[in-house]
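Chains A and B, in that order, give the protein sequences.
According to the working numbering, numbering within the first sequence proceeds without interruption in unit steps and concludes at 117.
According to the working numbering, numbering within the second sequence proceeds without interruption in unit steps and concludes at 1113.
One structure is given here, and the rest of the page talks about it.
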Amino acid sequence: GAVVSQHPSRVICKSGTSVKIECRSLDFQATTMFWYRQFPKQSLMLMATSNEGSKATYEQGVEKDKFLINHASLTLSTLTVTSAHPEDSSFYICSATARDYSSYEQYFGPGTRLTVT
Amino acid sequence: GNSVTQMEGPVTLSEEAFLTINCTYTATGYPSLFWYVQYPGEGLQLLLKATKADDKGSNKGFEATYRKETTSFHLEKGSVQVSDSAVYFCALIINTGGFKTIFGAGTRLFVKA
């Protein structure tokens, strides 16, 4: 089946620093990748949608200058949390859709837990 | 607007009990419906899906039927196991000039031995 990986799985950083999270589709070409944020015991909140080679589309209320998304290739998207603060601590999950999106199926990464101290 | 409503958890059952997790939706057009499962510390995994009215999705003993008349997609399993303990998310996908997934709040299931 289609596999999506994320790296790192856990990261702890100091307030004011930037953190990059990678999302890779391992055995398929992902034309679209989605980035979600999940707070403890809550549902997933869509942050942005990124298509290969174009700018990401951010959801209302998500700061695009703070959460930089790059989708430079069909197998890699990155989310950079710039000038992180404790309130950015969360579980970040990416998902990807294959080039043939006819089944509307998304493949989710295992998530990255970010802790900002 | 488009939304998904799930029954609140946590749901606690004994092994081999019958499970129902209710899910209703509001959507413009004809969405595809999904159930995802999230085990502790992991990302989401697709459990089952249905893309049109009256379709039944099934996997690993779980079933859900797309009911357009009641706008529902309830998840059922006849006999749960301890290993089914997880959080279950109902979701729909709509096409608003781009595909977007809308998730329910999630229902945590605990199964006791």
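No residue lacks a Cβ here, since even glycine has one placed at the ideal position from N, Cα and C.
Q) How would you write the range of the beta strand (DSSP E) that residue 1024 of chain B sits in, first residue to last? A) The residue given as residue 1024 of chain B occupies position 24 in the second sequence. Where residue 1024 of chain B is concerned, the enclosing beta strand (DSSP E) stretches over 1023-1026.
Q. Cβ of residue 1082 of chain B within 8 Å of Cβ of residue 1113 of chain B?
A. Position 82 of the second sequence, counted from the first residue, corresponds to residue 1082 of chain B. Position 113 of the second sequence, counted from the first residue, corresponds to residue 1113 of chain B. Yes.
Q. How is residue 15 of chain A classed by DSSP in three states: helix, strand or coil?
A. Here the question's residue 15 of chain A lines up with position 15 in the first sequence. Here residue 15 of chain A sits in coil by DSSP.
Q | Bounding residues of the beta strand (DSSP E) (the contiguous stretch that carries residue 3 of chain A) | A | Position 3 of the first sequence holds residue 3 of chain A. For residue 3 of chain A, no beta strand (DSSP E) encloses it, and the DSSP letter there is neither H nor E.
Q | Start and end residues, beta strand (DSSP E) containing residue 38 of chain A | A | Locating residue 38 of chain A in the first sequence gives position 38, counting from the first residue. Residues 30-38.
Q: For the stretch 87-94 of chain A and the stretch 31-40 of chain A, state whether three or more C-beta atom pairs, one from each stretch, are separated by less than 8 Å.
A: yes
Q.
Please tell me whether residue 105 of chain A has its Cβ less than 8 Å away from any Cβ of chain B.
A. The sequence position of residue 105 of chain A within the first sequence is 105, counting from 1. So, interface residue.
Q.
Would residue 22 of chain A and residue 76 of chain A be called neighbours here (beta carbons separated by less than 8 Å)?
A. Translated into positions along the first sequence, residue 22 of chain A becomes position 22. Translated into positions along the first sequence, residue 76 of chain A becomes position 76. The answer is yes: Cβ separation under 8 Å.
Q.
Considering only the alpha carbon of each residue, which of B:1043, B:1013, B:1103 lies closest to residue 1092 of chain B?
A. Looking up residue 1092 of chain B in the second sequence gives position 92. Closest by alpha carbon: B:1103.
Q. Residues of chain A with CB under 8 Å from residue 1100 of chain B, in chain order?
A. Looking up residue 1100 of chain B in the second sequence gives position 100. Going along chain A in sequence order, the residues near residue 1100 of chain B (Cβ under 8 Å) are 46, 49.
**Q.** CB of residue 1032 of chain B within 8 Å of CB of residue 1051 of chain B, strictly
**A.** Counting from 1 along the second sequence, the entry for residue 1032 of chain B is found at position 32. Counting from 1 along the second sequence, the entry for residue 1051 of chain B is found at position 51. Going by C-beta atoms, residue 1032 of chain B is nearer than 8 Å to residue 1051 of chain B.
Q.
Helix, strand or coil for residue 87 of chain A? Go by DSSP, reduced to three states.
A. Position 87 of the first sequence, counting from 1, holds the residue named residue 87 of chain A. The answer is helix: DSSP assigns residue 87 of chain A an H, G or I state.
Q.
Just verifying my parser: in three-state terms, what is the DSSP assignment at residue 1080 of chain B?
A. As a position in the second sequence, residue 1080 of chain B is number 80, starting the count at 1. The answer is coil: DSSP assigns residue 1080 of chain B none of H, G, I, E or B.
Q: With DSSP as the reference, please indicate the residues paired to residue 1111 of chain B in a beta bridge.
A: Within the second sequence, the letter at position 111 stands for residue 1111 of chain B. Bridge partners of residue 1111 of chain B: B:1013.
Q) In chain B, what lies closer than 9 Å to residue 60 of chain A by C-beta? A) Position 60 of the first sequence, counted from the first residue, corresponds to residue 60 of chain A. By Cβ distance, chain B contributes nothing, its closest Cβ being about 12 Å from residue 60 of chain A, past 9 Å.
Q. Can you name, in chain order, every residue of its own chain whose Cβ lies under 6 Å from the Cβ of residue 113 of chain A, other than the five neighbours on each side?
A. For the purposes of this step, residue 113 of chain A is taken as the residue at position 113 of the first sequence. Closer than 6 Å at the Cβ level, and outside the excluded window around residue 113 of chain A, lie 10, 91.
**Q.** CA-to-CA distance, residue 106 of chain A to residue 1098 of chain B, given in whole angstroms
**A.** Along the second sequence, one-based indexing puts residue 1098 of chain B at 98. Along the first sequence, one-based indexing puts residue 106 of chain A at 106. Cα-Cα distance, rounded: 14 Å.
Q. Count the other CB atoms within 10 Å of the CB of residue 1101 of chain B; is the residue buried (16 or more) or exposed (fewer)?
A. Against the second sequence, residue 1101 of chain B aligns to sequence position 101. Burial call: buried.
(Q) Give me the subset of the stretch 1085-1111 of chain B whose CB atoms are less than 9 Å from a CB atom of chain A, sorted by chain position. (A) 1087, 1089, 1091, 1093, 1095, 1098, 1099, 1100, 1101, 1102, 1103, 1104, 1105, 1106, 1108
Q) What is the rounded straight-line gap between the Cα of residue 110 of chain A and the Cα of residue 61 of chain A? A) Here the question's residue 110 of chain A lines up with position 110 in the first sequence. Here the question's residue 61 of chain A lines up with position 61 in the first sequence. In a straight line, the C-alpha of residue 110 of chain A is about 25 Å away from that of residue 61 of chain A.
Q. Taking the C-alpha atoms as reference points, what is the distance between residue 1077 of chain B and residue 2 of chain A?
A. On the second sequence, position 77 is the one that residue 1077 of chain B refers to. On the first sequence, position 2 is the one that residue 2 of chain A refers to. Answer to the nearest angstrom: the Cα atoms are 26 Å apart.
Q: For the beta strand (DSSP E) holding residue 82 of chain A, just list the boundary residues, first then last.
A: Position 82 of the first sequence, counted from the start, is the residue given in the question as residue 82 of chain A. Here residue 82 of chain A belongs to no beta strand (DSSP E), and DSSP marks it neither H nor E.
**Q.** Contact with chain B by residue 110 of chain A, beta-carbon distance below 8 Å
**A.** Position 110 of the first sequence, counted from the first residue, corresponds to residue 110 of chain A. So yes, residue 110 of chain A belongs to the interface.
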